[in-house]
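One structure is given below, encoded as structure tokens.
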Ligand SMILES: NC(=O)c1ccc[n+]([C@@H]2O[C@H](COP(=O)([O-])OP(=O)(O)OC[C@H]3O[C@@H](n4cnc5c(N)ncnc54)[C@H](O)[C@@H]3O)[C@@H](O)[C@H]2O)c1
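Residue numbers (this note's numbering): 1 to 373.
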């Protein structure tokens, strides 16, 4: 089988999930090309060597520019903080590499447009890593909605809640700095439920939102006693209307004590409803309004059968899977796209559309008005 060399930039949280995916994918899925964990890149030479050893990469680099230029590399996998996505992706496109980029695609709509233009001009395969699309239960929900099982969609209701910065002494890490992260809970986790809304229901037409920063200053890391300004949102609420007339209601927060990575989605249509809860991610709840009156109620689909998306590649029915598997599914679909030479959704065009929704919500929050996408 033909193999392709991967160059991965950034090796921390997402770097670990992606490394695991590259290592696992051909062991479980019928990949058309075998990925080779060729080079991992990070700025600290000692730390990147340790990461390479732990995560299974053959070589290391300390400058992403060198990886992007390396003629041996076929795929660039971007797992760095948000302020570097555009420069790396545009250079990778110019060098003719296939690109997998973490979300949010960019810092601004303008950056996202430049990234899309670059991959289009170069004709390279590209994908943004909205891995939650590839949870079997979410992919199953998509299948059912596309088949018309829910009828006309009235409501998309989603919340993505975390609680890791409630303590005001939590330091001013990159995710709380606007110049590195772009935004806070908004681009980090609201972006995911916006993407899932676009995936499951359709394009948003207009939005009304409010971004809030509860803790305005935090300790600067490594500068004892000094505080710096928090320049991103801590939480964001959004109302919206999809082009197909469905209503959208989103909440994303890093201030929901007790909620660690809590994603709940409910979709109500004219024929039925679906409910998903990430903490019980192998299940999809389905209410079918055509059920006989004496047995109506939510049924509980354990999405682990061969009939369900991705699930059959893993274990026998009922043997559940987890978070890391969503990245394996993502790279499987990405590798198929690379082999065919065709982009795979979510593409950079999806990343740009997501960025437009994020920007519209920010504008709405500033102007206190509804904003058209
Ligand atoms: N798909 C998801 O669910 C998901 C989850 C978390 C994070 N993310 C996204 O993944 C990206 C990385 O987030 P993370 O949680 O892994 O952050 P992290 O802080 O754990 O890791 C960031 C990595 O980027 C590296 N880095 C930063 N600038 C660099 C540069 N100029 N050159 C080389 N390396 C550089 C850092 O050294 C580090 O290895 C972000 O865009 C984030 O939004 C996606």
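Glycine is no exception: its CB is placed at the ideal position from the N, C-alpha and C atoms.
If we ignore side chains and look at the alpha-carbon of each, how far apart do residue i and residue j end up?
i: residue 349; j: residue 97; result: 17 Å
i: residue 338; j: residue 43; result: 28 Å
i: residue 196; j: residue 133; result: 7 Å
i: residue 128; j: residue 100; result: 6 Å
i: residue 233; j: residue 294; result: 48 Å
i: residue 223; j: residue 351; result: 36 Å
i: residue 21; j: residue 368; result: 42 Å
i: residue 85; j: residue 181; result: 11 Å
i: residue 150; j: residue 246; result: 12 Å
i: residue 319; j: residue 303; result: 10 Å
i: residue 279; j: residue 261; result: 8 Å
i: residue 242; j: residue 306; result: 33 Å
i: residue 231; j: residue 76; result: 30 Å
i: residue 78; j: residue 298; result: 40 Å
i: residue 4; j: residue 354; result: 29 Å
i: residue 274; j: residue 148; result: 13 Å
i: residue 66; j: residue 269; result: 51 Å
i: residue 250; j: residue 199; result: 15 Å
i: residue 160; j: residue 36; result: 34 Å
i: residue 330; j: residue 137; result: 14 Å
i: residue 11; j: residue 59; result: 13 Å
i: residue 272; j: residue 287; result: 5 Å
i: residue 80; j: residue 277; result: 28 Å
i: residue 64; j: residue 9; result: 6 Å
i: residue 308; j: residue 365; result: 40 Å
i: residue 225; j: residue 185; result: 26 Å
i: residue 238; j: residue 190; result: 9 Å
Taking its Cβ as the centre, do 16 or more other Cβ atoms sit within 10 Å of residue i, making it buried, or is it exposed?
i: residue 56; result: exposed
i: residue 335; result: buried
i: residue 216; result: exposed
i: residue 1; result: exposed
i: residue 310; result: buried
i: residue 257; result: exposed
i: residue 164; result: exposed
i: residue 174; result: exposed
i: residue 315; result: exposed
i: residue 254; result: buried
i: residue 54; result: exposed
i: residue 74; result: buried
i: residue 346; result: buried
i: residue 281; result: buried
i: residue 168; result: exposed
i: residue 235; result: buried
i: residue 144; result: buried
i: residue 188; result: buried
Return the bridge partner residues of residue i from the DSSP annotation.
i: residue 277; result: 264
i: residue 325; result: None; residue 325 has no bridge partner.
i: residue 254; result: According to DSSP, residue 254 bridges with nothing at all.
i: residue 287; result: 273
i: residue 210; result: 237
i: residue 219; result: 227
i: residue 242; result: 204
i: residue 19; result: DSSP lists no partner for residue 19.
i: residue 14; result: Residue 14 pairs with nothing; no bridge assigned.
i: residue 35; result: 4
i: residue 282; result: Note: residue 282 sits in no beta bridge, so no partner.
So, using beta-carbon positions, are residue i and residue j closer together than 8 Å?
i: residue 104; j: residue 358; result: yes
i: residue 373; j: residue 206; result: yes
i: residue 38; j: residue 15; result: no
i: residue 130; j: residue 119; result: no
i: residue 94; j: residue 52; result: no
i: residue 328; j: residue 13; result: no
Entirely enclosed beta strand (DSSP E) segments - the segment 48 to 124, minimum 3 residues: 59 to 61, 75 to 78, 98 to 102
Length at least 3, wholly inside the segment 122 to 152: the beta strand (DSSP E) runs in chain order: 126 to 129
Ranges of the alpha helix (DSSP H) found wholly within the segment 296 to 364, counting only runs of at least 4: 323 to 340
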